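Residues in the sequence shown are numbered from 2 upward in steps of one, following the working numbering. Cβ atoms here follow ideal geometry from the backbone N, Cα and C, with glycine treated the same way. Quick caveat, the model's predicted, so the values are computed rather than measured. Below you'll find the structure, written out as structure tokens, and then a few comments.
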Amino acid sequence: MAEKFDNLEEHLEKFIENIRQLGIIVSDFQPSSQTGLNQKLNFMISGLQDIEKCRQQLHEINVPLEVFEYIDQGRNPQLYTKECLERALARNDRTDPPVDLPLHLTLTREQDPEILELLRLG
Numbered sequence: 002m003a004e005k006f007d008n009l010e011e012h013l014e015k016f017i018e019n020i021r022q023l024g025i026i027v028s029d030f031q032p033s034s035q036t037g038l039n040q041k042l043n044f045m046i047s048g049l050q051d052i053e054k055c056r057q058q059l060h061e062i063n064v065p066l067e068v069f070e071y072i073d074q075g076r077n078p079q080l081y082t083k084e085c086l087e088r089a090l091a092r093n094d095r096t097d098p099p100v101d102l103p104l105h106l107t108l109t110r111e112q113d114p115e116i117l118e119l120l121r122l123g
């Protein structure tokens, strides 16, 4: 699964760089740069096609809307995961009897070792 994300990340980085270069060409457009502009536009189209192929591979991934709200607010989306885990741990402290957490933490570690690091940072 990670390689699918890595592939998407690589295509997005290339696309963003191409858009940046396209902006430079457009901001200082000269008739002599028409060929370069056309080439960058074609790269942009093929980049969008590559991103679409990646999207089709990741169609089963569901991202909570709250993650997008974090991003819109300029916050790190990994904080969403950290805060969800903290809320779950707080709810666990209030349950009677407490839910067995080692299995949950084991699953978390297998899914994303960075989650435990985020909990240590908080």
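field: Cα-Cα separation, A3 to V27
entry: Their Cα atoms are separated by approximately 36 Å.
- prompt: Anyone know if the C-beta pair for I72 and P65 falls short of 7 Å?
  reply: no
message: Measuring alpha carbon to alpha carbon, tell me which residue in F16, Q74, E67, Q31 is nearest Q50.
response: F16
- prompt: What is the DSSP secondary structure of G75, reduced to helix, strand or coil?
  reply: coil
- request: Can you say whether H60 is buried or exposed, counting buried as having 16 or more other CB atoms within 10 angstroms of its CB?
  value: exposed
Coil, strand or helix - P32 by DSSP: helix
- request: Taking the CB atoms as reference points, tell me whether N19 and G48 lie closer together than 7 Å.
  value: Yes, they are a contact pair.
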